[in-house]
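Participant:
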Amino acid sequence: MGSTLTLVAFWILFVLVVASALAVVLLRNIVHSALYLVLSFVGVAGIYILLEAEFLAAVQILVYVGAVSVLLIFGVMLTRRGNIRQSNLFNAFSLAAGVVSLALCVLIILALARTPASLPLGSWPVDTVGALAEAFLGPFVVPFEVAAILLLVGIVGAILIAREVKEDK
Amino acid sequence: MPVWELLSVELLTAFLGLGLLVLGLLVPKGQKRGLGYLAALGLVGIAALAFALREAQGVVWEGYIIDPFGTYFKLLFLFAAILTCVSSFEYIGRLGNGEGEYYALIILSTLGMMILASAGELITLYLGLELMTISFCILATYRRGDMKSAEAGIKYIILGALSSAILLYGLSLLYGSTGSTLIKDISLVVNSGGVTPLMVVGMIFLLGGFAFKMAAVPFHMWAPDVYEGAPTPVTAFLSVASKAAAFAAFLRVFFVALGDSHPLWAEVIVALTILSVVVGNLVAIPQKNIKRLLAYSSISQAGYLLLGIVAFSTLGVGAILYHSMLYVFANMGAFMVATVFYNADKSDEIQDYAGLARRSPLLAAVMLFSLLSLAGIPPLAGFVSKFYLFMAVIDQGYIWLAILAVLMSMVSVYYYLQVVKVMYLGDPPPGRPAIEVPLGVQIALACSLAVLFLFGIYPTPLTNYAFSSAAAFFH
Numbered sequence: 009m010g011s012t013l014t015l016v017a018f019w020i021l022f023v024l025v026v027a028s029a030l031a032v033v034l035l036r037n038i039v040h041s042a043l044y045l046v047l048s049f050v051g052v053a054g055i056y057i058l059l060e061a062e063f064l065a066a067v068q069i070l071v072y073v074g075a076v077s078v079l080l081i082f083g084v085m086l087t088r089r090g091n092i093r094q095s096n097l098f099n100a101f102s103l104a105a106g107v108v109s110l111a112l113c114v115l116i117i118l119a120l121a122r123t124p125a126s127l128p129l130g131s132w133p134v135d136t137v138g139a140l141a142e143a144f145l146g147p148f149v150v151p152f153e154v155a156a157i158l159l160l161v162g163i164v165g166a167i168l169i170a171r172e173v174k175e176d177k
Numbered sequence: 025m026p027v028w029e030l031l032s033v034e035l036l037t038a039f040l041g042l043g044l045l046v047l048g049l050l051v052p053k054g055q056k057r058g059l060g061y062l063a064a065l066g067l068v069g070i071a072a073l074a075f076a077l078r079e080a081q082g083v084v085w086e087g088y089i090i091d092p093f094g095t096y097f098k099l100l101f102l103f104a105a106i107l108t109c110v111s112s113f114e115y116i117g118r119l120g121n122g123e124g125e126y127y128a129l130i131i132l133s134t135l136g137m138m139i140l141a142s143a144g145e146l147i148t149l150y151l152g153l154e155l156m157t158i159s160f161c162i163l164a165t166y167r168r169g170d171m172k173s174a175e176a177g178i179k180y181i182i183l184g185a186l187s188s189a190i191l192l193y194g195l196s197l198l199y200g201s202t203g204s205t206l207i208k209d210i211s212l213v214v215n216s217g218g219v220t221p222l223m224v225v226g227m228i229f230l231l232g233g234f235a236f237k238m239a240a241v242p243f244h245m246w247a248p249d250v251y252e253g254a255p256t257p258v259t260a261f262l263s264v265a266s267k268a269a270a271f272a273a274f275l276r277v278f279f280v281a282l283g284d285s286h287p288l289w290a291e292v293i294v295a296l297t298i299l300s301v302v303v304g305n306l307v308a309i310p311q312k313n314i315k316r317l318l319a320y321s322s323i324s325q326a327g328y329l330l331l332g333i334v335a336f337s338t339l340g341v342g343a344i345l346y347h348s349m350l351y352v353f354a355n356m357g358a359f360m361v362a363t364v365f366y367n368a369d370k371s372d373e374i375q376d377y378a379g380l381a382r383r384s385p386l387l388a389a390v391m392l393f394s395l396l397s398l399a400g401i402p403p404l405a406g407f408v409s410k411f412y413l414f415m416a417v418i419d420q421g422y423i424w425l426a427i428l429a430v431l432m433s434m435v436s437v438y439y440y441l442q443v444v445k446v447m448y449l450g451d452p453p454p455g456r457p458a459i460e461v462p463l464g465v466q467i468a469l470a471c472s473l474a475v476l477f478l479f480g481i482y483p484t485p486l487t488n489y490a491f492s493s494a495a496a497f498f499h
């Protein structure tokens, strides 16, 4: 792939990710916000493909686009009452929040611009899946197992919180 | 190859937690109380093992560091978890259901803290932190049907998620600018290449994330509401152990990985310290609810502990270790009294504590000495530990900061003694019976009291242990 083509693809994805992320925050209908979130996730998956991390891109599509966003939309559908068109509104502090966010954004961009860009040393793994598998069951086995316990705790918590309260008094 | 024996404390804790989860489903309804006893006994066993292995040193795959410093904190978490379990028997038994899960979650959040204290790698650190936080979110909502408990849970999960996001952003910037998630490698990069502006942004985000977990001002807003709404034993555990875990991880990241950039973040810590000590102590004065009072007191305690970070020395780290251990016993003592009192009277309001000394001399005495230790009055242990913290900052030339902290300590004596005044001089409401304290809680209260007096009068064994752990941390 030519480098110009890569660059063009990157900027298209960049605009897609940022624009749909902004739409998530700015739109007033929470279902639309959720759908734009899906689009943003797809854009991020595209960037992973550009970086030649195909496995990560596939996981991104499967987990975020597939599972997380469907759960999100289900959550909205099952809990929302009232007018869906006015379901994702700003509160009274929107102006202050906008100013603070913008200032933070400028600060981070300034810091980024003044940081010399550098790439990590060493070679890139050609076989990304194999390297990940070895890392999970090798050097990263402790966090891997902790993640398993964390997910278990999450599931137990969801059941505990959603369980019907018995009216025994 | 990694040395798996090093992980024995964590593995046993995980087994105990998961085992209780399964047992909780198998045990018939009337006999769930045994789960609590099993949890407490199991934790005592693990604590004994951790104490036996306190000198162990080594790494498991480079990303997981076992050293005396981490083991000291693990012992601290285990003591806090044991006291929490003991004070929960009655309280959780009355809630009716989910007992097995309750003790399992207490133990699994302890596991998260242990991971946090030993993490030598950023992903491990983050997962440990999340394990702790998610467990606490669930535990905070355990008073089913109580709106305040639901509010506490939702506040903790939303604000906790926000702070986790900020912390995670900081971690990713740190990784992006150093090319490694290993704390050891990051320190090498910071050592040789210096600090880039992007790394500074990462550091600020990390500071914010950790300060949230420590409940240091201005990242403290969640604390009073969550402390008030959560079940009292959970509040106690949250206020001592999660704070100590945040300090452990903070020390590892900022002293080891970012130690060479100390001048960059030192002033931010000084600001956090001043704000926490001043705001925590002053806002505590008008509080009417014992849990909110202790929440603001714990914010100010975060400020005192931050003094040890300001000092940036072995003495400072040793003082943090020492103070946080005694803070466990003082604060757990106070919260255990609040739990027993709530079980009897269904109230957390300070005015309802009137005449507690006549209704239960033991409860009133433990509350009195715990509060005096928190205030730092000799001969209690809190005096010695605060003394070391103040010494550590004076050693580094921050005399004005020590003076400010001492002045604010005096302010704290005022609001602590307000509670004492109500307990000892107030008249008990007519017709209120004496409060019966269960045997297990009596033993736990006596132990806390003994620790506060023992290490106040003869602090040498614990100071030696704390300072040798701190020395090993700096090697």
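Top to bottom, those sequences are chains W and B. Under the numbering used here, the first residue of the first sequence carries the number 9, and numbering increases by one thereafter. Under the numbering used here, the first residue of the second sequence carries the number 25, and numbering increases by one thereafter. Built from N, CA and C at the ideal position, the CB exists for glycine as well. Predicted model, so just to flag it, every value in this text is computed and none were measured.
(1) Just list the alpha helix (DSSP H) runs in the segment 130-170 of chain W, keeping only unbroken ones of 4 residues or longer that don't cross its boundaries, in chain order.
(2) Could one say the Cβ of B:Leu151 lies closer than 9 Å to chain W's Cβ atoms, at least one of them?
(3) So what's B:Asn313 in DSSP terms, helix, strand or just coil?
(4) For chain W, is any of its Cβ atoms less than 9 Å away from the one on B:Gly122?
(5) If contact means a Cβ-Cβ distance below 9 Å, which residues of the segment 99-110 of chain W contact chain B?
(6) Could you tell me the boundaries of the beta strand (DSSP E) in which B:Tyr61 lies?
(7) Can you have a look at B:Phe278 and say buried or exposed, based on whether 16 or more other CB atoms are within 10 angstroms of its CB?
(8) Identify the contact partners of W:Leu168 in chain B, using a Cβ-Cβ distance below 7 Å as the criterion.
(9) When Cβ atoms are compared, which residues of the segment 81-92 of chain B fall closer than 8 Å to chain W?
(10) Helix, strand or coil for B:Tyr166, going by three-state DSSP, please let me know.
(11) Under 9 Å between C-beta atoms, does B:Gly177 make it to chain W?
(12) How is B:Ala254 classed by DSSP in three states: helix, strand or coil?
(13) Can B:Phe229 and B:Ser348 be called in contact, C-beta distance under 9 Å?
(14) Check this for me: beta carbons of B:Ser300 and B:His244, under 9 Å apart or not?
(15) What residues are listed by DSSP as bridge partners for B:Ala143?
(16) Pull up the distance between the alpha-carbon of B:Gly332 and that of B:Val417, whole angstroms please.
(17) Given a limit of 7 Å on CB to CB distance, which residues of the segment 212-240 of chain B reach chain W?
(18) Using beta carbons (cut-off 9 Å, strictly below), is W:Val149 in contact with chain B?
(19) Quick one: which residues of the segment 357-373 of chain B get their C-beta closer than 7 Å to a C-beta of chain W? List them in chain order.
(20) Quick one, which residues of the segment 39-54 of chain B are near chain W if we go by CB-CB under 9 Å, in chain order?
(21) For the segment 20-99 of chain W, list the alpha helix (DSSP H) runs that are entirely contained and at least 4 residues long, ordered along the chain.
(22) Is the Cβ of B:Ala128 closer than 9 Å to any Cβ of chain W?
(23) Taking the continuous alpha helix (DSSP H) assigned at B:Trp289, which residues delimit it?
(24) Along chain W, which residues have their Cβ under 7 Å away from the Cβ of B:Thr165?
(25) For the alpha helix (DSSP H) holding B:Gln466, just list the boundary residues, first then last.
(26) Comparing the C-beta of W:Glu153 with each C-beta of chain B, is any distance below 9 Å?
(27) Specify, as a first and last residue, the run of the alpha helix (DSSP H) that B:Phe279 falls within.
(28) Can you list, in chain order, the residues of its chain with a C-beta nearer than 7 Å to that of B:Gly464? Leave out the 5 residues immediately preceding and following it.
(29) Along the segment 82-97 of chain W, where does the CB come closer than 9 Å to a CB of chain B? Name the residues.
(30) Taking the straight line between their C-alpha atoms, what separation do you get for B:Val84 and B:Val27?
(31) Pull up the distance between the alpha-carbon of B:Ile70 and that of W:Gly54, whole angstroms please.
(32) Anything in chain W within Cβ reach of B:Thr148, meaning under 9 Å, just list it in chain order.
(33) Would the C-beta of W:Leu21 count as close to the ligand GDP, meaning under 8 Å from any of its heavy atoms?
(34) Restricting to Cα atoms, I'd like to know which of B:Val264, B:Phe365, B:Ile314, B:Ser337 is closest to B:Gln442.
(35) Considering just the uninterrupted stretch of the alpha helix (DSSP H) at B:Asn215, what are its terminal residues?
(36) Give every residue of the same chain whose Cβ lies closer than 6 Å to the Cβ of W:Leu21, excluding the five residues on either side of it in the sequence, and list them in chain order.
Facilitator: According to the structure shown:
(1) 136-145, 149-170
(2) For the purposes of this step, residue 151 of chain B is identified with residue 127 of the second sequence, where counting begins at 1. Answer yes: the Cβ-Cβ gap between B:Leu151 and chain W drops below 9 Å somewhere.
(3) Residue mapping note: residue 313 of chain B aligns to position 289 of the second sequence, counting from 1. Three-state DSSP puts B:Asn313 in a strand.
(4) On the second sequence, residue 122 of chain B is found 98 positions in, with the first residue counted as 1. For B:Gly122, the answer is yes, since a Cβ of chain W falls inside 9 Å of its Cβ.
(5) none
(6) Residue mapping note: residue 61 of chain B aligns to position 37 of the second sequence, counting from 1. That residue, B:Tyr61, is in no beta strand (DSSP E); its alpha helix (DSSP H) goes 57-76.
(7) In the second sequence, residue 278 of chain B corresponds to position 254, counting from 1. Classification for B:Phe278: buried.
(8) Residue numbering aside, residue 168 of chain W sits at position 160 when the first sequence is read from its first letter. Under the 7 Å cutoff, chain B gives Gly122, Glu125, Ile162.
(9) Val84, Trp85, Glu86, Gly87, Tyr88
(10) As a first step, residue 166 of chain B must be located in the second sequence, where it is residue number 142. Three-state result, B:Tyr166: coil.
(11) The count along the second sequence starts at 1 and reaches residue 177 of chain B at position 153. Taking Cβ atoms only, chain W reaches closer than 9 Å to B:Gly177, which makes this a yes.
(12) Here the question's residue 254 of chain B lines up with position 230 in the second sequence. B:Ala254: coil per DSSP, three-state reduction.
(13) The residue labelled residue 229 of chain B in the question sits at position 205 within the second sequence. The residue labelled residue 348 of chain B in the question sits at position 324 within the second sequence. No, they are not a contact pair.
(14) Within the second sequence, numbered from 1, the residue matching residue 300 of chain B stands at position 276. Within the second sequence, numbered from 1, the residue matching residue 244 of chain B stands at position 220. Yes, the pair counts as a contact, with Cβ atoms nearer than the cut-off.
(15) Here residue 143 of chain B refers to the residue found at position 119 when the second sequence is read from its first residue. Its beta-bridge partners are B:Tyr88.
(16) One-based indexing of the second sequence puts residue 332 of chain B at position 308. One-based indexing of the second sequence puts residue 417 of chain B at position 393. C-alpha separation (whole angstroms): 7 Å.
(17) Thr220, Pro221, Leu222, Val224, Val225
(18) The sequence position of residue 149 of chain W within the first sequence is 141, counting from 1. Yes, because at least one Cβ of chain B sits closer than 9 Å to the Cβ of W:Val149.
(19) none
(20) Gly41, Leu42, Leu45
(21) 38-58, 62-67, 77-87
(22) As a working mapping, residue 128 of chain B is identified with position 104 in the second sequence. True, the Cβ-Cβ gap to chain W drops below 9 Å.
(23) Here residue 289 of chain B refers to the residue found at position 265 when the second sequence is read from its first residue. From DSSP, the alpha helix (DSSP H) with B:Trp289 extends over 286-308.
(24) Looking up residue 165 of chain B in the second sequence gives position 141. Here the neighbours are Ile169.
(25) For the purposes of this step, residue 466 of chain B is taken as the residue at position 442 of the second sequence. It spans 463-481 - the alpha helix (DSSP H) in which B:Gln466 sits, taken as one unbroken run.
(26) Counted from its first residue, the first sequence places residue 153 of chain W at position 145. Closer than 9 Å to some Cβ of chain B, the Cβ of W:Glu153 qualifies, so yes.
(27) If you number the second sequence from 1, residue 279 of chain B lands on position 255. No alpha helix (DSSP H) holds B:Phe279; DSSP gives it neither H nor E.
(28) Residue mapping note: residue 464 of chain B aligns to position 440 of the second sequence, counting from 1. Cβ neighbours of B:Gly464 beyond the five flanking positions: Val110, Phe113.
(29) none
(30) The count along the second sequence starts at 1 and reaches residue 84 of chain B at position 60. The count along the second sequence starts at 1 and reaches residue 27 of chain B at position 3. The straight-line gap from Cα to Cα measures roughly 6 Å.
(31) Taking the first residue of the second sequence as position 1, residue 70 of chain B is located at position 46. Taking the first residue of the first sequence as position 1, residue 54 of chain W is located at position 46. One C-alpha to the other measures close to 48 Å.
(32) In the second sequence, the residue the question calls residue 148 of chain B occupies position 124. What B:Thr148 touches in chain W: Phe148, Val150, Pro151, Val154.
(33) No copy of the ligand GDP occurs in the structure displayed, which carries no ligand at all.
(34) As a first step, residue 442 of chain B is located in the second sequence; it is residue number 418 there, counting from the start. Nearest C-alpha to B:Gln442: B:Ile314.
(35) Stepping through the second sequence from its first residue, residue 215 of chain B is reached at position 191. Note, B:Asn215: alpha helix (DSSP H), 207-217.
(36) Here residue 21 of chain W is taken as the residue at index 13 of the first sequence, counted from 1. Cβ within range, chain order: Gly51, Gly54, Ile55.
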